[in-house]
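**Q**
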Amino acid sequence: LTGSGGPFRAFPIEKLKYVTKKDALKHPNWKMGKKITIDSATMMNKGFEVIEAFWLFNIPYDKIDIVIHKESIIHSMIEYIDGSIKAQLSEPNMRTPIQFALTYPERLKTEIDYFDFIKNNTFHFEKVDYNKFPCIKLAYEAGRKKGTYPTVLNVANDLSVELFLKDKIKFIDIPLIIENCLSRHDSINNPNLDDIYNTIYWTEQNFKKELVRL
1 LTGSGGPFRA
11 FPIEKLKYVT
21 KKDALKHPNW
31 KMGKKITIDS
41 ATMMNKGFEV
51 IEAFWLFNIP
61 YDKIDIVIHK
71 ESIIHSMIEY
81 IDGSIKAQLS
91 EPNMRTPIQF
101 ALTYPERLKT
111 EIDYFDFIKN
121 NTFHFEKVDY
131 NKFPCIKLAY
141 EAGRKKGTYP
151 TVLNVANDLS
161 VELFLKDKIK
171 FIDIPLIIEN
181 CLSRHDSINN
191 PNLDDIYNTI
201 YWTEQNFKKE
211 LVRL
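Have a look at this one:
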């Protein structure tokens, strides 16, 4: 899976504690809603995609990797056992995946400009800095543990991003709150729907306690 690294890809890690909502909403490539734009800034969106890939395609977590690709042209790649790789490329426009989700399995003609390889002739790739983007590591851990941990991850992230957008917490508080919620959670294996709802409620209540501890 690839991620642009968002607005803070080349940002000094020691300055993340000073970033504002306005800074985090300045995505270099994508035009999206506020919630997903903040998830891109923390790279939690990639963490969720890792969990999705595990469940949708039955791929072990140790075979799902994330690389930084600042151009946002290659969106995902599959490496086969013979070493060959297939990559999915397109301009960074959310209309493309949304349209395909609506028309699947058919592909319809679009008004979006077709990709120009001459114009976009250079791709860059970087390793993920997990110290700068701890949300990815939290997602891997929650996904591997299974049970109700992914529910806590999702709810705690939703609540944290909501407060950040309201200027109630700092950007660096987002992964801290999520990590604390996960560490205090007693997971339920093979949860049913009632277990999920109860976990949502538990996370909401524990989230309030974490705010007091900040």
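Each residue of the sequence shown is one higher than the one before, counting from 1 in UniProt numbering. Glycine residues also receive a C-beta, built at the ideal position from the N, C-alpha and C atoms.
(1) Going along the chain, which residues of its own chain have a beta-carbon closer than 8 Å to the beta-carbon of K34, five neighbours each way excluded?
(2) What does the alpha-carbon distance come out to for the pair F117 and P92?
(3) Can you give the beta carbon distance from M150 to I51, rounded, assuming they're within the 8 Å contact cut?
(4) Only counting the same chain, and skipping five residues up and downstream in sequence, which positions put a Cβ closer than 6 Å to that of I169?
(5) Could you give the residue range of the beta strand (DSSP E) that holds K86?
(6) Any idea what DSSP makes of R151, helix, strand or coil?
(7) Which of the three DSSP states, helix, strand or coil, is assigned to T203?
(8) Could you tell me the boundaries of the alpha helix (DSSP H) in which M43 lies?
(9) Evaluate contact between the stretch 124–141 and the stretch 40–54, counting only Cβ atoms and requiring at least three cross-stretch pairs below 8 Å.
(10) Would you call the stretch 123–130 in contact with the stretch 69–76, where contact means no fewer than 3 C-beta pairs closer than 8 Å?
(11) Short check: CB of G143 to CB of N189, under 7 Å?
(12) To the nearest whole angstrom, what separates the beta carbons of L16 and I66, a pair I think is in contact under 8 Å?
**A** Concretely, from the data shown:
(1) L25 and L165
(2) Near 14 Å, if we compare the C-alpha coordinates of P92 and F117.
(3) Looking at the sequence shown, residue 150 is not Met but Pro. Confirmed, about 6 Å.
(4) L163
(5) I85 to L89
(6) In the sequence as presented, Arg is not what sits at residue 151; that position holds Thr. T151 falls in the helix class under three-state DSSP.
(7) helix
(8) That residue, M43, is in no alpha helix (DSSP H); it is neither H nor E in DSSP.
(9) yes
(10) yes
(11) no
(12) Not really, about 19 Å apart at Cβ, beyond 8 Å.
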